[in-house]
Amino acid sequence: MPERMLKFVHLAQRLPERRGAAERGHDFDEIYRDFATTEAAAQSSRCSQCGVPFCAVHCPLGNNIPDWLKLTAEGRLEEAYEVSSATNNFPEICGRICPQDRLCEGNCVIEKGFESVTIGAVERYITDTAFARGWVKPIRPVREQGASVGIIGAGPGGLAAAEQLRRRGYQVTVYDRHDRVGGLLIYGIPNFKLEKPIVLRRWELMVESGIGFELNCRIGEDLTFADLRARHDAMLIATGVYQARDIGGPGAGLAGIVPALDYLFASNRMGLGDRVPDFDSGLLDAGGKHVVVIGGGDTAMDCVRTAVRQGAASVKCLYRRDRANMPGSMREVKNAEEEGVEFVWLAAPEAFLGDDTVTGVRAVRMHLGLPDASGRQSVEPIEGSHFTVKADLAIKALGFDPEDVQGMFGEPGLEVTRWGTLKVNHRTFETSVPGVFAAGDIVRGASLVVWAIRDGRDAAEQIHRHLERQGTLAVAAE
Ligand SMILES: Cc1cc2nc3c(=O)[nH]c(=O)nc-3n(C[C@H](O)[C@H](O)[C@H](O)COP(=O)(O)OP(=O)(O)OC[C@H]3O[C@@H](n4cnc5c(N)ncnc54)[C@H](O)[C@@H]3O)c2cc1C
Ligand code: SF4
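This is the structure we're talking about:
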């Protein structure tokens, strides 16, 4: 074992410096500062280079983490970048927004009492350095292929597939209904978790690599699905899930009750310098308001923390279970608490109060019951425990379901599951329509960026094999 590694025994875990809550609560910049070179090398040297790297096993991309940690510890950063980028199209993005506590870092086997290696922070550092030093280059395929692939959706799933296919020499065009590339990376996830220039520089690189983009193009309206099938030899659907789960009950139609994604999209667009009439009118601006966010996932955390930064008078998060049963990452809950968000655990909304515009949310206390078949504890209201929370803006963050894909594309042959996600052959990623593949959230349901990248890469490989087979068949038929 090289002397440079195994330093966890003497060297404590350190993340890059986190800006104080008072400072970061006033702007939308990322909350972690960059690692200094010496710090990144020192933290990498804490890796024990264990025989079975559970970090890599639990990384959806199977990243060769111990290898790039060792190279970073040895100061061989360009090689670390080569290794890291061989399995991940966007390591600097995953390093920032993967829930590492549930994935790689949560499975680091450094003995108990020594905290895990800060894998995500090092991964981010390696690729940020590679960009700064000009090591990240556009794709130059060894040879061009005659075939073309159309991809619907410029989120992480579609983009990872686009890169992999371009690398193989295919002509790739990505279609998206938005005006910028990135999907939820650009308009969903707030800047304080992922600064937008990080996404935009990837877009530039893809354009330089010869990947075509047709933006402001809603498939099903601006172009039909049949148009695309006629244009391309194979298709990939990577359209994500956007049907927000709603909440009914008395007062649900009052003004000032908004879906989480409308709110986050507006904030991200403002940050990018766009004009957003619903922000200017005050509808999607939390400034000076008492804000109540309903939900307990990462989207809810992004909303509460955005509201703090917009200068809300108060921010409360209502969640019907308790802290231990929250789906959102604990790290994000901690960040939100530090920034002044108040969590009201075991509380479910019953009604929205107000005449035309919401003025409050009436909620009821819940208690946790016995686990159901899935092992999750049920929740039941406690009779007579109603209470009211003041609210000028209520944000609904209850999760997302797939849109009606068959209807959107006018393609009844596209089979869906009972959850509305696209049905695919899980080995080949092909849908029920031959030559049409699917990847990312539209197949998995709402998931993670790292899984979308993984699926995009795997689907690209399957599309390549499919086109190879088609090519072979065409030659045989001549
Ligand atoms: C608020 C929020 C915060 C999140 N935070 C995190 C996080 O911190 N870490 C993490 O790992 N994951 C996070 N996620 C989840 C993550 O963003 C998604 O799992 C991931 O983006 C899915 O990638 P995708 O490529 O499948 O779809 P998306 O990123 O949703 O991209 C789909 C694209 O398809 C386009 N599209 C859809 N229909 C059409 C059509 N008919 N025509 C043309 N284009 C179309 C959309 O405009 C979109 O650009 C978050 C999600 C949300 C909502
Ligand atoms: S991609 Fe995500 S899970 Fe994998 S090593 Fe990076 S931060 Fe960890």
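The opening position of the sequence shown corresponds to residue 102 in our numbering, with each subsequent residue numbered one higher. Glycine residues also receive a C-beta, built at the ideal position from the N, C-alpha and C atoms. Model, not experiment: these values are computed from the prediction.
Under 7 Å: does the beta carbon of residue i sit that close to some heavy atom of ligand 2?
i, result
"Cys151", "no"
Less than 8 Å between the beta carbons of residue i and residue j, yes or no?
i, j, result
"Ala181", "Arg105", "no"
"Leu337", "Val250", "yes"
"Ile498", "Gly396", "Inspection of the sequence shows that residue 498 is occupied by Ala rather than by Ile. Yes. Within cutoff."
"Gly313", "Leu285", "no"
"Val409", "Glu440", "yes"
"Trp169", "Val158", "no"
"Glu206", "Gly221", "yes"
"Arg466", "Leu454", "no"
"Tyr343", "Phe501", "yes"
"Arg267", "Val273", "yes"
"Ser145", "Val223", "yes"
"Val517", "Val506", "yes"
"Val544", "Leu523", "yes"
"Ile194", "Lys294", "no"
"Val416", "Glu443", "yes"
"Gly289", "Leu373", "no"
"Val308", "Ile287", "no"
"Ser310", "Pro239", "yes"
"Pro298", "Asn369", "no"
"Cys418", "Val445", "yes"
"Thr532", "Gln563", "no"
Near residue i, which residues of its chain fall below 6 Å by C-beta distance, leaving aside the five closest residues on each side in sequence?
i, result
"Arg302", "none"
"Ala474", "none"
"Ala413", "Ala387, Lys390, Val392"
"His565", "Arg269"
"Ile483", "Arg466, His468"
"Val218", "Arg147, Cys148, Cys209"
"Glu179", "Trp236"
"Ile253", "Tyr276, Ile320, Ile338, Thr340"
"Ala122", "Glu439, Glu440"
Residue i and residue j look like a contact to me (Cβ under 8 Å); what is the Cβ gap, rounded to whole Å?
i, j, result
"Arg424", "Ala449", "So it is not a contact: roughly 15 Å between Cβ atoms."
"Ser479", "Gly470", "4 Å"
"Ala540", "Gly557", "5 Å"
"Glu296", "Glu131", "5 Å"
"Arg555", "Pro154", "No, Arg555 and Pro154 are not in contact; Cβ-Cβ is about 17 Å, not under 8 Å."
"Ser430", "Pro200", "4 Å"
"Arg115", "Glu140", "7 Å"
"Ala261", "Asn190", "4 Å"
"Gly536", "Ala335", "5 Å"
"Gln265", "Ala553", "Not quite, the Cβ-Cβ distance comes to about 13 Å (not below 8 Å), so this is no contact."
Compute the minimum distance between the beta carbon of residue i and the heavy atoms of ligand 1, and state whether it is under 7 Å.
i, result
"Val286", "The sequence given here has Leu at residue 286, not Val. Leu286: yes, Cβ under 7 Å from ligand 1."
"Cys318", "yes"
"His333", "no"
"Thr400", "yes"
"Lys524", "no"
"Leu362", "yes"
"Asp277", "yes"
"Ile253", "yes"
"Lys294", "yes"
"Ser145", "no"
"Leu494", "no"
"Asp328", "no"
"Ile290", "yes"
"Leu365", "yes"
"Gly82", "Because the chain is modelled from 102 through 579, residue 82 falls outside the range shown and cannot be assessed."
"Ala539", "no"
"Leu419", "no"
"Ala413", "no"
"Ala141", "no"
"Pro257", "yes"
"Ile358", "no"
"Leu549", "yes"
"Ile395", "no"
Going along the chain, which residues of its own chain have a beta-carbon closer than 8 Å to the beta-carbon of residue i, five neighbours each way excluded?
i, result
"Leu384", "Ala356, Gly357, Val359"
"Asp135", "Pro117, Tyr226, Asp229"
"Gly511", "Gly321, Thr325, Phe326, Ala327"
Give every residue of the same chain whose Cβ lies closer than 7 Å to the Cβ of residue i, excluding the five residues on either side of it in the sequence, and list them in chain order.
i, result
"Ala367", "Val377, Asp379, Phe380, Leu385"
"Pro472", "Gln478"
"Ser119", "The identity of residue 119 in the sequence shown is Arg, whereas the question assumes Ser. Correct list, in chain order: Ile132, Tyr133."
"Met427", "Gly397, Tyr420, Val434"
"Phe488", "Ala464"
"Tyr271", "Gln246, Ala248, Ser249, Val250"
"Thr458", "Leu355, Ala356, Gly357"
Collect the residues with a C-beta less than 6 Å away from any heavy atom of ligand 2 and give them in sequence order along the chain. Cys160, Leu162, Asn164, Ile166, Asn189, Cys195, Gly196, Cys199, Gln201, Leu204, Cys205, Ile220, Gly221, Glu224, Val551
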